[in-house]
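With this note's numbering, you'll find the sequence shown wraps up at 217, consecutive numbering, no jumps.
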Amino acid sequence: MTVERVPESAARVFGDSTATMGAFASLLAAEGELRGLIGPRELPRLWTRHLLNSSAVASFVPQGARFVDIGSGAGFPGVVVAIMRADLEVHLVEPMDRRTTWLEHVARELALSNVTVVRARAEELHGSAAYDVVSARAVAALKKLVPWTAPLVRPGGQLVALKGERAAAEVDEAAKTLRKYGLADPVVHEIVVEGTDELTRVVTAQKGN
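If you want it as structure tokens, here you go:
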């Protein structure tokens, strides 16, 4: 299938990182399907559905933060955030070997010196790692995601999850689980990323000090 052309909005959304984002898109277009990372139907919407959608996470991450993306897969949103925010220490956590091999390849090709790839399940890091921001996209429903991710959020940090149309329902369904794991004030942020046709929904929840 034809790869989506770079939208006019890309330069405004990504600024100085647009060229590197384009290089990431080219890697995905050339190798993503072959490596089993993205389906052929995703190529015509690579920018709007994946790169621009993932960009919404960056605005929720404080300057100089320690950031981890759980189940990073093809690199959404972790690689996108790393490209946009050179000030961050970015960890990409992924249990599957072929995906960590891909993420390491991307980090080398794009010279992303702020990226560390970790082959592990989130649960394996409990008690040994803590982050200012823990992110995930298309990993699991919030009720299931919270027990995996909340133990990695440092006191005062936050969970930032990219979600779909059921974001509000997932927050309601996960209310008890959020409280159990010390995450408070869940908010569904509905964002219109320039160049996309659909709302991008970001769920945030804070861990108390």
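Every residue, glycine too, gets a C-beta built ideally from N, C-alpha and C.
Keep in mind the model is a prediction, meaning the values are calculated, not measured.
Exposed unless 16 or more other CB atoms sit within 10 angstroms - verdict on residue i
i	result
Lys184	exposed
Val200	exposed
Ile16	According to the sequence as given, residue 16 is Glu; it is not Ile. With fewer than 16 other Cβ atoms within 10 Å, it is exposed.
Gly79	buried
Asp77	buried
Pro194	buried
Glu50	buried
Arg145	buried
Lys171	buried
Arg93	buried
Ser143	buried
Gly164	exposed
Glu178	buried
Ala130	buried
Phe20	The amino acid at residue 20 is misidentified as Phe; the sequence shows Arg. Arg20 is exposed by the Cβ-count criterion.
Arg209	buried
Own chain residues within Cβ distance below 7 Å of residue i, not counting five before or after
i	result
Leu59	Met29, Ala33 and Val88
Gly81	Leu45, Glu102 and Arg107
Ala176	Val196
Ile114	The sequence as given places Val at residue 114; Ile does not occur at that position. Only Phe32, Leu35, Gly83 and Val87 meet the Cβ criterion.
Ala37	Val11, Leu51 and Leu54
Arg127	Glu102, Pro103, Asp105 and Thr108
Ala66	Val89, Met92 and Arg93
Gly40	Ile46 and Ala82
Collapsed DSSP secondary structure at residue i in the structure displayed
i	result
Pro159	helix
Arg145	strand
His134	coil
Val126	strand
Ala115	helix
Leu153	helix
6 Å CB neighbourhood of residue i in its chain, flanking five on each side removed
i	result
Ile91	Ser25, Thr28 and Met29
Ser62	Phe84, Pro85 and Val88
Ala138	Arg162
Val125	Leu100, Thr108, Leu111 and Glu112
Leu207	Glu198
Leu120	Ala90
Cut-off 8 Å between Cβ atoms - residues of its own chain near residue i, not counting five sequence neighbours on either side
i	result
Ala192	Leu186, Ala213, Gln214, Lys215 and Gly216
Ser117	One point to set straight first is that residue 117 is Glu, not Ser, in the sequence displayed. Contacts found: Ala31 and Leu35.
Leu96	Val69, Gly72, Ala73, Arg74, Phe75, Val89, Ala90 and Asn122
Glu181	Ala149, Leu150 and Lys151
The ligand MN heavy atom lying under 7 Å from the CB of residue i
i	result
Gln166	With respect to the ligand MN, the structure shown offers nothing to examine, as it has no ligands at all.
- prompt: Are the region 38 to 57 and the region 100 to 111 touching, with three or more C-beta to C-beta distances below 8 Å?
  reply: yes
task: Note down, one range per segment and in chain order, each alpha helix (DSSP H) of at least 4 residues found wholly within the region 13 to 96.
output: 18 to 22, 26 to 35, 60 to 63 and 86 to 92
message: Just to confirm the assignment: which complete beta strand (DSSP E) runs, minimum length 3, are found wholly within the region 172 to 217?
response: 191 to 199 and 208 to 215
- prompt: Below 8 Å, can you find three or more Cβ-Cβ pairs linking the region 149 to 162 to the region 124 to 139?
  reply: yes
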